[in-house]
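Data block below; observations after.
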Amino acid sequence: MSAASPTGFVSDWDQDGLDTDEMVVNMGPQHPATHGVLRVELRTDGEVVRAARPHIGYLHRCFEKHCENVDYPGVMPYADRMDYCAAMGNTLGFALTVEKLCSIEVSPYVQTVRVIMAELQRIASHTIAVGTYTMDIGAFTPFLHLIRDREKILDLFEWTCGARLLYNYNWVGGVSHDLPDGFVRATRDFLREFEAVTFPELLDLIIHNRIFVRRLSHVGVCSPELAISYDLTGPNLRGSGIARDLRKDFPYSGYESYDFDVCVGTGQYGPKGSCFDRNWVRVVEMRESAKILHQALDRLEKMEKADVHEKVPKRVKPPKGEIYFRSEAPRGQLGYYLVSDGNINPYRLKVKSPCFTAMSVFHHLAKGMLIADVIALIGSLDIVLGEIDR
Amino acid sequence: MDAAAIHAALVQRFGERITGASLDAGSPFAIVATDAIAEVAAFCKADPALALDNLMCLSAVDYPKETPPRMEVVYHLFSYRHLHSFALKLHVPRESPAVPTVEGVWGVANWHEREAWDLFGIVFTGHSDMRRILLPDDWEGHPLRKDWQDPEYYNGLHVKPTPQMMERALAGETIGVGPFDFTPDNKHVEEP
Amino acid sequence: MSGPEPVRGLIQNRFEDGLIVTSADQLINWSRKNSIWFMQFGLACCAIEMMATGASRYDTERFGIMPRGSPRQADLMIVAGTATLKMATRIKRLYEQMAEPKYVLSMGSCANNGGPYWRYGYHVLKGVDEVIPVDIYVPGCPPRPEALLYGLLKLQEKIQEDRVLRKRGLTVGSLAGATLDGSADMPRPAGKR
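Chains as they are written, first to last, in the numbering used here: chain A, 1 to 390; chain B, 1001 to 1192; chain C, 2001 to 2193.
Here is the structure:
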């Protein structure tokens, strides 16, 4: 209100209802915390976001055009490079899609090897997700600890197939390299360290850390209806309390014979579906993956070795037809819609990437948040731009 | 509900606006008349027996060599309540294709339809934000159509691979012939 | 004279510790090369390997190489990943925002020449050297962390050979390049006095 003044003078500093303006702030495409080349335009009123508009496409590498011009085994390296943090999941999905269309059944040995690789990759991918997320929030040390453990998994992958990050491992009809001697023992060593040291440390230092909890437990709450409508899948969907996992509902590659739980966000520290819940699901999924790995390794030891190239066709030529197949990648449901016209090149391969649909809900959740919470939201959706843009 | 039952429910409600079906394909689908898709989508979501509340994927496919030449828009639907899935297809002409939007039914269709516009040129009428999503705003053309030709330049940047690389690859040059190291000797270390 | 070998000096391996006799250029280059701060410009898969190179096992900070978020604070731009046409203008702008002296390391085959997307990639920039000048190319898809470290060490050698105070060619009025028999081993720039 105007200060009482003998002359009745009212300075405009004292007036209520200041004429404020909204500011458009640009985040990215080069930004240390956007998990890739993502540009977000924020319309902010001070520190509060009134509207957010994500811009993608800075990593559009024409994957679908390449698929129409190379043959089916040639699609594998490109499929690796979509979600580069979880390459085993992408190639597994594509291999299963083509195998379903061609009606190829792989041996139980190959199925077990694929499950082992997929679950190791799930742990590695969630490690990066949680590690970089805590780095975005402000804690640098968990990143270093988790990368140290991820390097052990990458050592196992490198020992098997020669590559650290992009493996071209799952082929149509088999896998590229058989497991080396001693792999089971090395994986058990890794799991022993993981379950004894890394996982309890992660829970104590970060997940149940009061600062982490209070930072995230009321941020970015996504209701189940919104999650289904915007096709959130994987840990994002399970964080909102919906217990759906493709490995249980529509199992593939032998997953029906493994005993594991579906991890769901329970809203233990705040409303269900917050950033904390999505992160919690990822962390607990690492433990479930370790459980599956133990069972798979036990099974592998009892099985006799089979030829991993036994069912790999000389020339992959699926019959004319189309199929839509989904698999549970670490970031959600990865769907491949494959149209084949009987040639050696796919006619059309459309990929439904889980991060693409996760990003589509972003503008809805970001309204009314603080700018720092926008960073927390992006990280909790665990996006990889290679998959969004293909 | 299996595919035949879902198809029967749709035909019972919409009659001849369901113009075809293929129920024993890898992913069973029904072909819907283009102008009816918004109502069919709303029915699929709202009907308690179908409850197809999730749009798994919206794809566009270009078939220039079919008779008649057409593009297809394929909707893969899933129900979280009943755990069944079904697909709907639209046949649209290749010249100025236009389809009613379904973004009011499934929120994720907003981005899927933008991508179909961007890469194929299919206009979704009634869409709140029909603009390119993956390619730059000043890009010309729709690349995933089968008749796409790479332009020479985009704003001064080469789009086609440079002739040198193309010639070398097509002439059969193999890569990975061995390490070359043109590094000069390190001048700052005394010889022992 | 008998006795233990004297400890070689710091920069030029001559004289003793504690006494450095060197040229200003060598000193400047030495201090620059041991403190390269790079701008995190991770675009795609190579970014994960760049992060792994900076993380616990293959540490870059022991070389003084540290990631910075902003181009204003960086000496080096590691272009890690595929450059697309949409991103090309932003790459150029970020390069221009860096302060001199600045270097560019192109990491991975996508940044070198378009990589695996060279043939049918209508939206892929066929090499980041279409928009910015590149100093070091590190091949690989993705390059191993050891390969990236090798590239960074090569960059350090390149920086050591920079001419900061000594300019190329003859300086006006100097005896540089003059020989006793009157023939210069470097041509005089025409018209310069």
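All C-beta atoms in this analysis are idealised placements derived from N, C-alpha and C, irrespective of residue type, glycine included.
Leaving out five residues on either side along the sequence, give the residues of the same chain with a beta carbon under 6 Å from the beta carbon of residue i.
i, result
"glutamate 322 of chain A", "Val339"
"threonine 2171 of chain C", "Low per-residue confidence applies at threonine 2171 of chain C: pLDDT is 44, beneath 50, and the placement is therefore not dependable, though the value from the model is reported in the following sentence. Excluding residues within five positions, none has a Cβ falling inside 6 Å."
"proline 1064 of chain B", "Lys1146"
"glycine 234 of chain A", "Arg331, Gly332 and Pro354"
Could you give the distance in angstroms between the alpha-carbon of residue i and the alpha-carbon of residue j?
i, j, result
"threonine 2022 of chain C", "valine 48 of chain A", "56 Å"
"isoleucine 2078 of chain C", "methionine 2039 of chain C", "7 Å"
"asparagine 69 of chain A", "valine 316 of chain A", "14 Å"
"isoleucine 1006 of chain B", "isoleucine 242 of chain A", "24 Å"
"tryptophan 2118 of chain C", "glycine 93 of chain A", "25 Å"
"cysteine 275 of chain A", "proline 1068 of chain B", "50 Å"
"valine 308 of chain A", "methionine 76 of chain A", "17 Å"
"alanine 1038 of chain B", "proline 1136 of chain B", "29 Å"
"aspartate 1128 of chain B", "leucine 2043 of chain C", "Checking the displayed sequence, the identity of residue 1128 of chain B turns out to be serine instead of aspartate. Distance between the alpha carbons of serine 1128 of chain B and leucine 2043 of chain C: 30 Å."
"glutamate 1095 of chain B", "alanine 1021 of chain B", "24 Å"
"arginine 2110 of chain C", "glycine 2081 of chain C", "Note on identity: in this sequence residue 2110 of chain C is cysteine, with arginine being the wrong assignment. Looking at the two C-alpha atoms, the distance is approximately 6 Å."
"methionine 1001 of chain B", "glycine 254 of chain A", "25 Å"
"leucine 203 of chain A", "alanine 1046 of chain B", "42 Å"
"glutamate 119 of chain A", "alanine 290 of chain A", "8 Å"
"valine 1073 of chain B", "tryptophan 1148 of chain B", "19 Å"
"cysteine 85 of chain A", "glutamate 1140 of chain B", "32 Å"
"alanine 1109 of chain B", "leucine 2125 of chain C", "30 Å"
"serine 380 of chain A", "tryptophan 1111 of chain B", "20 Å"
"arginine 164 of chain A", "glycine 2108 of chain C", "14 Å"
Once you ignore the five residues that flank residue i on each side, which residues in its own chain have a CB closer than 7 Å to its CB?
i, result
"valine 184 of chain A", "Leu297, Leu300 and Glu301"
"serine 223 of chain A", "Ser240 and Gly273"
"tyrosine 252 of chain A", "Leu96 and Ser327"
"glycine 2064 of chain C", "Asn2034, Ser2035 and Ile2036"
In chain A, which residues lie with their C-beta within 7 Å of the C-beta of residue i?
i, result
"tyrosine 1153 of chain B", "Near tyrosine 1153 of chain B there are no residues of chain A at all, since even the closest Cβ is about 17 Å away, more than 7 Å."
"arginine 2144 of chain C", "Arg164"
"glutamine 2040 of chain C", "Pro32"
"serine 1059 of chain B", "Tyr337 and Lys350"
Can you pull the chain B neighbours of residue i, defined as C-beta to C-beta under 7 Å?
i, result
"glutamate 322 of chain A", "Ala1025, Gly1026 and Ser1027"
"aspartate 57 of chain A", "Here residue 57 of chain A turns out to be glycine, not aspartate, going by the sequence shown. The contacting residues are Ile1133, Leu1134 and Leu1135."
"lysine 65 of chain A", "Pro1143 and Leu1144"
"histidine 60 of chain A", "Leu1134 and Leu1135"
"phenylalanine 356 of chain A", "Trp1111"
"alanine 2088 of chain C", "Leu1157"
Cβ of residue i within 8 Å of Cβ of residue j?
i, j, result
"threonine 1101 of chain B", "glutamate 1113 of chain B", "yes"
"proline 29 of chain A", "arginine 2090 of chain C", "yes"
"leucine 1058 of chain B", "alanine 1116 of chain B", "yes"
"tyrosine 324 of chain A", "histidine 1076 of chain B", "yes"
"alanine 2099 of chain C", "arginine 2062 of chain C", "no"
"valine 2104 of chain C", "proline 2145 of chain C", "no"
"valine 130 of chain A", "asparagine 279 of chain A", "yes"
"arginine 2032 of chain C", "isoleucine 2136 of chain C", "no"
"alanine 306 of chain A", "valine 25 of chain A", "no"
"serine 353 of chain A", "methionine 82 of chain A", "yes"
"leucine 1088 of chain B", "valine 1011 of chain B", "no"
"cysteine 2046 of chain C", "leucine 166 of chain A", "no"
"histidine 66 of chain A", "tyrosine 2120 of chain C", "yes"
"leucine 1090 of chain B", "threonine 1034 of chain B", "yes"
"valine 219 of chain A", "alanine 376 of chain A", "yes"
"glutamate 285 of chain A", "arginine 122 of chain A", "yes"
"valine 115 of chain A", "glycine 173 of chain A", "no"
"methionine 117 of chain A", "tyrosine 169 of chain A", "yes"
Run through chain C and tell me which residues come within less than 7 Å of residue i, C-beta to C-beta.
i, result
"isoleucine 147 of chain A", "Ala2052, Ala2055 and Ser2056"
Going along chain A in order, which residues have a C-beta closer than 8 Å to the C-beta of residue i?
i, result
"methionine 1056 of chain B", "Asp231, Tyr324, Arg326, Gln333, Gly335 and Lys352"
Cutting at 8 Å between CB atoms, please list the residues of its own chain near residue i, excluding the five before and the five after it.
i, result
"threonine 198 of chain A", "His145, Leu146 and Asp149"
"glutamate 1226 of chain B", "Because chain B is modelled from 1001 through 1192, residue 1226 of chain B falls outside the range shown and cannot be assessed."
"leucine 59 of chain A", "Gly36, Val37, Leu385, Gly386, Ile388 and Asp389"
Determine the chain B residues that contact residue i at a beta-carbon separation under 9 Å, and present them in chain order.
i, result
"lysine 100 of chain A", "Gly1026"
Along chain B, which residues have their Cβ under 8 Å away from the Cβ of residue i?
i, result
"arginine 244 of chain A", "Tyr1080"
"aspartate 249 of chain A", "Leu1083"
ask   = Which full runs of the beta strand (DSSP E) of 3+ residues lie inside the stretch 1011 to 1067 of chain B, going along the chain?
value = 1018 to 1022, 1029 to 1032 and 1054 to 1063
message = Which complete alpha helix (DSSP H) runs does the stretch 24 to 72 of chain A hold, if anything under 4 residues is left out?
response = 63 to 69
query = Can you give, in chain order, each stretch of the alpha helix (DSSP H) that sits fully within the stretch 2109 to 2139 of chain C and has at least 4 residues?
reply = 2109 to 2113
ask   = Quick one: complete beta strand (DSSP E) runs, 3+ long, within the stretch 282 to 360 of chain A?
value = Taking only runs of at least 3 residues, the beta strand (DSSP E) segments lying wholly in the stretch 282 to 360 of chain A are 321 to 329, 332 to 340 and 348 to 352.
task = Run through the stretch 1087 to 1166 of chain B for me and flag every whole alpha helix (DSSP H) of 4 or more residues, listed as ranges in chain order.
result = 1109 to 1120
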